[in-house]
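>
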Amino acid sequence: MTPNPCTNLNHRRTESPVRCCPQCGAVVNGRIATRRCSEGNHARSRRNQNLFCVDCGDMLRHGSSPIAPLRA
């Protein structure tokens with residue numbers, strides 16, 4: 009496992025339930041196939057405050073720094 013500055017726990021799991029990390033967009037489980045997402049799926053992910061889509065890895069909130077902490 010390569011070191012990653014991301015604090016999301018999906019990087020530490022051997023069998024992560026998602027393909028991509030919602031905080032940094034890196035692939036955490038390459039065994040899960042990439043899905044084509046709709047804008048509805050991306051809107052739902054943005055409401056969950058994800059920076060990246062967990063299915064396709066696309067950046068959801070442009071202008072946000074992927075590693076910077078979110079403001080409370």
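In the numbering used here, the protein residues as written are 9 to 80. Cβ atoms here follow ideal geometry from the backbone N, Cα and C, with glycine treated the same way.
Going by alpha carbons, who is nearest to Cys61 out of Asn16, Leu17 and Cys28?
For the purposes of this step, residue 61 is taken as the residue at position 53 of the sequence shown. The shortest Cα separation from Cys61 among Asn16, Leu17 and Cys28 belongs to Cys28.
> State the Cα-Cα distance for the pair Arg21 and Gln31, rounded to the nearest angstrom.
Translated into the one-based positions of the sequence shown, residue 21 becomes position 13. Translated into the one-based positions of the sequence shown, residue 31 becomes position 23. Their backbone Cα atoms lie some 15 Å apart in a straight line.
> Which whole-angstrom value is the C-beta distance of Asn37 and Glu47, which I expect to be below 8 Å?
Along the sequence shown, read from residue 1 onward, the residue named residue 37 stands at position 29. Along the sequence shown, read from residue 1 onward, the residue named residue 47 stands at position 39. Going by Cβ atoms, the distance from Asn37 to Glu47 rounds to 24 Å, so no, they are not a contact pair.
> Using the Cα positions of Leu68 and Arg55, report the straight-line distance between them to the nearest angstrom.
For the purposes of this step, residue 68 is taken as residue 60 along the sequence shown, with counting starting at 1. For the purposes of this step, residue 55 is taken as residue 47 along the sequence shown, with counting starting at 1. Leu68 and Arg55: Cα-Cα distance of roughly 10 Å.
> In the DSSP assignment, find the alpha helix (DSSP H) that holds Glu47 and state where it starts and stops.
Locating residue 47 in the sequence shown gives position 39, counting from the first residue. Its alpha helix (DSSP H) spans residues Glu47 to Arg55.
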